[in-house]
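Trainee:
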Amino acid sequence: MAASFGVSSAAAANAVKSPALSPPSLPVIRSEARPISCRVNKSRKAGKITTKAVAAQAENPASAASKPGHEVLLFEALREGLEEEMERDPRVCIFGEDVGHYGGSYKVSKGLADKYGDLRVLDTPIAENSFTGMAVGAAMTGLRPVVEGMNMGFLLLAFNQISDNCGMLHYTSGGQFTIPTVIRGPGGVGRQLGAEHSQRLESYFQSIPGIQMVACSTPYNAKGLMKAAIRSENPVVLFEHVLLYNLKERIPDEEYVVSLEEAEMVRPGEHVTILTYSRMRYHVMQAAKTLVNKGYDPEVIDIRSLKPFDLYTIGNSIKKTHKVLIVEECMRTGGIGASLTAAINENFNDYLDAPIVCLSSQDVPTPYAGTLEEWTVVQPGQIVTAVEQLCR
Amino acid sequence: MAMALTRRNLHLLCPIFSARLLTTASTSPITIETSLPFTAHNIDPPSRSVQTSPQELLSFFRDMALMRRMEIAADSLYKAKLIRGFCHLYDGQEAVAIGMEAAITRKDCIITAYRDHCLFLGRGGTLLEAFAELMGRKDGCSKGKGGSMHFYKKDGGFYGGHGIVGAQIPLGCGLAFAQKYSKDDNVSFMMYGDGAANQGQLFEALNMAALWDLPAILVCENNHYGMGTAEWRAAKSPAYFKRGDYVPGLKVDGMDALAVKQACKFAKEHALKNGPIILEMDTYRYHGHSMSDPGSTYRTRDEISGIRQERDPVERVRKLILAHDIATEKEMKDNEKEVRKEVDEAIAKAKEIPSPDPSELFTNVYVKGLGVEAFGADRKELRAVLP
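Protein chains in written order, with the working numbering: chain B, 1 to 392; chain X, 393 to 779.
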């Protein structure tokens with residue numbers, strides 16, 4: 001186990017035992033099939049890693065015997081992750097509106113209040129600024145709160161607490177306090193919720209120093225990211241999407257954690273690198289089907305980690321394909337795509353054969369009308385056109 | 393109780409003359425009446441008679457004189473451009489810090505805004521750490537990366553040190569929540585000013601603290617001016633202790649260290665049993681809001697000198713000590729001289745400490761996680777290099 005990261009029942013058993021986090025014994029799935037050297041506790045570990053995240057399940061000898069894992073919907077996967085972490089560490093608690101008795105507006109915390117009590121699964125009044133601040137204060141003393149924004153857009157009210165206190169306290173106190181909070185909630189466009197309930201806060205939060213941002217897209221990475229975020233000593237913002245909560249997938253029975261800083265290789269290819277995250281992954285995969293029929297071979301990477309970017313995976317992909325298309329749901333101006341474009345240009349300029357193309361949502365408030373809302377975000381047809389133009 | 397006092401304050405003491413005076417001073421109780429009665433809202437006020445001892449009074453004097461000296465020295469350092477940025481001084485308000493410390497333990501939490509130098513000292517911070525942090529040197533309490541508004545002391549139960557007005561109140565609510573969660577019979581004091589008392593997050597935090605019976609004590613240090621705006625120009629109802637409505641409140645003479653001690657002791661007992669309580673400390677700051685504010689454009693010099701003559705906290709304790717024959721005038725003057733020397737020595741030592749190493753720019757942004765190296769957004773620290 002020592003030399004390889006990957007799911008094994010021994011590792012899972014080890015991890016479950018100790019609430020004190022010790023990196024070497026934690027099973028971490030990496031999605032790249034490349035040997036990486038990871039400085040873990042001052043000893044260089046060369047990890048032999050499994051291939052794609054999806055394939056990792058098949059490689060697992062323990063579960064290869066029968067039909068591996070169990071089927072869950074994405075919100076159930078999130079709940080499983082939450083529940084496992086609350087079981088493992090009594091310091092984990094949940095703050096949010098209607099998370100307790102109501103079970104969560106998207107059922108992510110259903111049943112948890114009955115199991116763990118009203119103090120651990122705390123129903124807060126509608127006071128985002130204050131309960132986010134409360135979570136930060138509790139985290140300063142050692143608790144590990146998970147804050148739910150009923151809709152990510154509401155967390156704009158808590159921006160001061162997230163940026164100044166959550167993100168910066170570790171630095172301004174000279175390392176005395178760590179803020180191991182997780183801030184999570186659904187965002188994104190869909191369901192015709194209107195402008196104020198279709199916010200994408202990735203672009204607003206990305207400059208805050210000290211926080212990590214991740215976006216989940218499948219039940220598998222949702223559970224893994226939730227667990228990793230709770231175990232991380234840094235404040236993590238976990239972006240979920242309103243339209244993805246009912247996705248179904250088979251996930252492993254064993255305990256697993258996914259790396260917070262790593263991107264996921266969804267479909268390896270040769271012609272073009274398509275970088276995406278959250279719901280746009282599915283639009284990209286839909287476009288990929290069309291593209292494959294037309295003879296193209298796109299490489300699709302779900303970047304997952306929005307801050308910091310996994311430039312290792314991204315860079316290796318660019319080295320291979322020399323063309324980049326970014327497909328995101330953020331606004332064009334100052335979005336994740338804009339930062340990613342800058343990062344790639346700065347770091348991998350020599351490998352690029354063509355300028356980076358970035359497809360983002362339009363810089364408009366999200367309209368209510370269904371047809372208009374559709375055109376706010378990137379559609380698969382636009383992705384196909386962009387790839388064709390890029391690969392000419 | 394007396395021994396605990398000595399141990400707690402020993403770090404503040406110069407281990408020669410006055411230490412002997414303090415340890416030899418008697419611990420026999422004296423009862424002193426507070427200068428003013430307490431005004432209460434929705435609760436029965438505590439008695440005006442405070443139990444204290446000669447040793448406690450001497451330590452009050454010593455600690456307050458130290459704080460006063462530190463703030464005045466910070467004033468000179470700021471004018472000499474050794475302290476930059478914002479510097480908010482606490483002189484005039486020392487009684488609040490001292491009285492509070494006398495009533496609680498280090499396990500209780502204190503969180504405040506940016507006027508935090510003296511509270512840091514009270515919680516066990518050293519003069520050297522304070523001055524080094526103010527001057528941005530590497531041995532400051534926050535490694536020089538926080539500055540005047542970001543003093544913290546985790547092992548002393550001091551949670552800062554916050555620049556944004558009012559933002560510390562929900563944080564304090566979180567501290568109280570954690571104390572209730574771990575059931576450890578401690579309380580949290582969240583301090584704010586009359587300016588911050590108009591922030592919405594205060595009322596949100598009050599609501600939550602009262603809803604869940606959190607051991608939270610909200611302390612409004614009412615120095616009557618929110619930077620340049622007098623309290624009657626900013627608040628429809630400047631009776632801040634009454635603003636809690638369903639939360640009981642107490643108005644205290646914040647220039648009387650013994651009254652503050654009594655109120656804090658009372659508040660701690662209340663909070664552990666019944667949930668939040670508001671304490672309004674009627675106090676005053678001699679300096680302006682910060683070093684960039686002269687402090688005289690919105691108030692008269694007569695007002696400032698009037699308060700200094702009639703209500704100064706250090707003078708009040710000095711008069712008490714002399715009235716009860718606990719020490720002589722000469723001993724008190726020597727005490728002050730020692731304090732001055734201690735502060736000067738700390739400044740001299742702090743001036744020698746170097747600035748933080750440039751690599752410190754990137755430390756403590758993140759706590760290093762699961763051992764995976766982070767690339768990208770913090771790429772100045774680690775640039776992606778492909779094999």
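We put the CB at the ideal spot given by N, CA and C, even for glycine.
None of the values given here were measured: they were computed from a predicted structure.
Roughly how many whole angstroms lie between the Cα atoms of ALA195 of chain B and ALA487 of chain X?
Mentor: In the first sequence, residue 195 of chain B corresponds to position 195, counting from 1. In the second sequence, residue 487 of chain X corresponds to position 95, counting from 1. Each residue's alpha carbon lies about 52 Å from the other.
Trainee: I need the DSSP call for MET285 of chain B, collapsed to helix, strand or coil.
Mentor: Counted from its first residue, the first sequence places residue 285 of chain B at position 285. It is helical.
Trainee: Which residue wins for smallest C-alpha separation from SER163 of chain B, given the options B:VAL384, B:LEU74, B:PRO219, B:VAL237?
Mentor: For the purposes of this step, residue 163 of chain B is identified with residue 163 of the first sequence, where counting begins at 1. For the residues B:VAL384, B:LEU74, B:PRO219, B:VAL237, the minimum Cα distance to SER163 of chain B belongs to B:VAL237.
Trainee: Tell me which residue opens and which closes the alpha helix (DSSP H) that HIS509 of chain X is part of.
Mentor: In the second sequence, counting from the first residue as 1, residue 509 of chain X sits at position 117. Looking at the DSSP string, the run of the alpha helix (DSSP H) that includes HIS509 of chain X is 509 to 514.
Trainee: To the nearest angstrom, report how far apart GLY666 of chain X and GLY646 of chain X are at their CA atoms.
Mentor: Along the second sequence, one-based indexing puts residue 666 of chain X at 274. Along the second sequence, one-based indexing puts residue 646 of chain X at 254. Looking at the sequence itself, residue 666 of chain X is Asn, so the reference to Gly does not match. Cα to Cα, ASN666 of chain X sits roughly 24 Å from GLY646 of chain X.
Trainee: How big is the Cα-Cα spacing for LEU762 of chain X and VAL292 of chain B?
Mentor: Within the second sequence, the letter at position 370 stands for residue 762 of chain X. Within the first sequence, the letter at position 292 stands for residue 292 of chain B. The predicted position of LEU762 of chain X is uncertain, since its pLDDT is 41 and thus under 50; a value taken from the coordinates is nonetheless stated next. About 37 Å.
Trainee: With a threshold of 8 Å on Cβ separation, who are the neighbours of HIS716 of chain X within its own chain once the five nearest residues in sequence on each side are excluded?
Mentor: Working through the second sequence from its first residue, we reach residue 716 of chain X at position 324. Result list for HIS716 of chain X: ILE422, PRO446, LEU449, in chain order.
Trainee: To which residues of the same chain is PHE409 of chain X closer than 7 Å at the C-beta, ignoring the five residues directly before and after it?
Mentor: As a working note, residue 409 of chain X is residue 17 in the second sequence. Low confidence applies here, because PHE409 of chain X scores a pLDDT of 47, under 50, leaving its location unreliable and the question unanswered by this model.
Trainee: State the CB to CB distance for the pair ALA659 of chain X and GLY133 of chain B, rounded to an integer number of angstroms; the pair is presumed to be in contact (CB under 8 Å).
Mentor: Working through the second sequence from its first residue, we reach residue 659 of chain X at position 267. Working through the first sequence from its first residue, we reach residue 133 of chain B at position 133. The Cβ separation is near 22 Å, so there is no contact.
Trainee: Taking the continuous beta strand (DSSP E) assigned at ARG267 of chain B, which residues delimit it?
Mentor: Position 267 of the first sequence, counted from the first residue, corresponds to residue 267 of chain B. Run containing ARG267 of chain B: 264 to 267, per the beta strand (DSSP E) assignment.
Trainee: Excluding five sequence neighbours on each side, which residues of the same chain lie with their C-beta closer than 8 Å to the C-beta of ALA626 of chain X?
Mentor: Looking up residue 626 of chain X in the second sequence gives position 234. Cβ within range, chain order: ASP586, GLY587, ASN590, GLY618.
Trainee: Using only CA atoms, which one of X:GLU463, X:PHE523, X:PRO640, X:LEU520 lies nearest to GLU605 of chain X?
Mentor: On the second sequence, position 213 is the one that residue 605 of chain X refers to. Looking at the sequence shown, residue 605 of chain X is not Glu but Asp. Cα-wise, what sits closest to ASP605 of chain X is X:PRO640.
Trainee: Along the chain, where does the beta strand (DSSP E) containing ASN614 of chain X start, and where does it finish?
Mentor: Position 222 of the second sequence, counted from the start, is the residue given in the question as residue 614 of chain X. 608 to 614 is the span of the beta strand (DSSP E), which, as asked, contains ASN614 of chain X.
Trainee: Helix or strand or just coil, what does DSSP make of ASP726 of chain X?
Mentor: Translated into positions along the second sequence, residue 726 of chain X becomes position 334. ASP726 of chain X falls in the helix class under three-state DSSP.
Trainee: Going along the chain, which residues of the segment 493 to 517 of chain X sit with their C-beta nearer than 8 Å to a C-beta in chain B?
Mentor: Under the 8 Å Cβ criterion, the segment 493 to 517 of chain X contributes CYS501, ILE503.
Trainee: Cβ atoms of LEU244 of chain B and ARG281 of chain B: under 7 Å apart, would you say?
Mentor: Position 281 of the first sequence, counted from the start, is the residue given in the question as residue 281 of chain B. Position 244 of the first sequence, counted from the start, is the residue given in the question as residue 244 of chain B. Contact: no.
Trainee: Identify every run of the alpha helix (DSSP H) within the segment 131 to 214 of chain B, keeping only runs that are complete inside it and at least 4 residues long; order them along the chain.
Mentor: Runs of the alpha helix (DSSP H) inside the segment 131 to 214 of chain B: 168 to 172, 202 to 205.
Trainee: Starting from the C-beta of VAL99 of chain B, find all residues in its chain whose C-beta is less than 7 Å away, skip the five residues before and the five after it, and write them out in chain order.
Mentor: Position 99 of the first sequence, counting from 1, holds the residue named residue 99 of chain B. The residues are SER109, VAL121, ASP123, GLU148.
Trainee: Scan the segment 648 to 681 of chain X for residues whose Cβ lies nearer than 9 Å to a Cβ of chain B and list them as they occur along the chain.
Mentor: Correct list: empty, as no residue qualifies.
Trainee: Pick helix, strand or coil for ALA719 of chain X, following the three-state DSSP scheme.
Mentor: Taking the second sequence and counting its residues from 1, one reaches residue 719 of chain X at position 327. Three-state result, ALA719 of chain X: coil.
Trainee: List the residues of chain B whose Cβ lies closer than 7 Å to the Cβ of CYS479 of chain X, in chain order.
Mentor: Numbered from its first residue, the second sequence carries residue 479 of chain X at position 87. Chain B residues near CYS479 of chain X: none, gap ~16 Å exceeds 7 Å.
Trainee: Less than 6 Å between C-beta atoms, sequence neighbours within five positions excluded: which residues of the same chain meet that for ARG703 of chain X?
Mentor: For the purposes of this step, residue 703 of chain X is taken as the residue at position 311 of the second sequence. If we look at ARG703 of chain X and ignore the five residues flanking it on each side, its Cβ neighbours are MET647.
Trainee: Unbroken beta strand (DSSP E) runs of length 3 or more, entirely within the segment 616 to 674 of chain X: which are they?
Mentor: As far as the segment 616 to 674 of chain X is concerned, its whole beta strand (DSSP E) runs of at least 3 residues are 641 to 645, 669 to 674.
Trainee: Assign CYS391 of chain B to one of three DSSP states: helix, strand, or coil.
Mentor: For the purposes of this step, residue 391 of chain B is taken as residue 391 along the first sequence, with counting starting at 1. Here CYS391 of chain B sits in coil by DSSP.
Trainee: How big is the Cα-Cα spacing for ASN316 of chain B and ALA229 of chain B?
Mentor: Residue mapping note: residue 316 of chain B aligns to position 316 of the first sequence, counting from 1. Residue mapping note: residue 229 of chain B aligns to position 229 of the first sequence, counting from 1. So the alpha carbons of these two residues sit roughly 26 Å apart.
Trainee: Quick one: list the residues of chain X neighbouring TYR171 of chain B, beta-carbon separation under 7 Å, in chain order.
Mentor: The count along the first sequence starts at 1 and reaches residue 171 of chain B at position 171. Under the 7 Å cutoff, chain X gives LYS537, ASN756, VAL757.
Trainee: Using the beta-carbon count (16 or more within 10 Å), is ARG392 of chain B buried or exposed?
Mentor: Here residue 392 of chain B is taken as the residue at index 392 of the first sequence, counted from 1. Exposed, because fewer than 16 other Cβ atoms sit within 10 Å of the Cβ of ARG392 of chain B.
Trainee: Which of helix, strand or coil does DSSP assign to PHE550 of chain X?
Mentor: On the second sequence, position 158 is the one that residue 550 of chain X refers to. The answer is strand: DSSP assigns PHE550 of chain X an E or B state.
Trainee: Taking the beta carbon of LEU642 of chain X as the centre, do at least 16 other beta carbons fall within 10 Å, making it buried, or is it exposed?
Mentor: Within the second sequence, the letter at position 250 stands for residue 642 of chain X. Buried, because 16 or more other Cβ atoms sit within 10 Å of the Cβ of LEU642 of chain X.
Trainee: Answer with yes or no whether the minimum CB distance from ASN578 of chain X to chain B is below 7 Å.
Mentor: Translated into positions along the second sequence, residue 578 of chain X becomes position 186. Closer than 7 Å: no.
Trainee: List the whole-angstrom C-beta distance separating LEU260 of chain B from LEU201 of chain B, where the pair is believed to meet the contact cut-off of C-beta under 8 Å.
Mentor: Within the first sequence, the letter at position 260 stands for residue 260 of chain B. Within the first sequence, the letter at position 201 stands for residue 201 of chain B. Their Cβ separation, rounded to whole angstroms, is 18 Å, which puts LEU260 of chain B and LEU201 of chain B out of contact at 8 Å.
Trainee: What residue ranges within the segment 220 to 278 of chain B form continuous beta strand (DSSP E) runs of no fewer than 3 residues, ordered along the chain?
Mentor: Counting only runs of 3 or more, we get 236 to 241, 248 to 251, 264 to 267, 272 to 276.
Trainee: For GLN199 of chain B, would you say it is in contact with chain X, using Cβ-to-Cβ distances shorter than 7 Å as the test?
Mentor: Counted from its first residue, the first sequence places residue 199 of chain B at position 199. Answer no: the Cβ-Cβ gap between GLN199 of chain B and chain X never drops below 7 Å.
Trainee: Which of the three DSSP states is assigned to LYS475 of chain X in this structure?
Mentor: The residue given as residue 475 of chain X occupies position 83 in the second sequence. In the sequence on display, residue 475 of chain X carries Ile and not Lys. Looking at ILE475 of chain X - three-state DSSP - the assignment turns out to be coil, as it is neither helix nor strand.
Trainee: Below 7 Å between beta carbons: does that hold for ARG91 of chain B and LEU169 of chain B?
Mentor: If you number the first sequence from 1, residue 91 of chain B lands on position 91. If you number the first sequence from 1, residue 169 of chain B lands on position 169. No.
Trainee: Cβ atoms of TYR551 of chain X and ASN234 of chain B: under 7 Å apart, would you say?
Mentor: Position 234 of the first sequence, counted from the first residue, corresponds to residue 234 of chain B. Position 159 of the second sequence, counted from the first residue, corresponds to residue 551 of chain X. No, the Cβ-Cβ distance between ASN234 of chain B and TYR551 of chain X is not below 7 Å.
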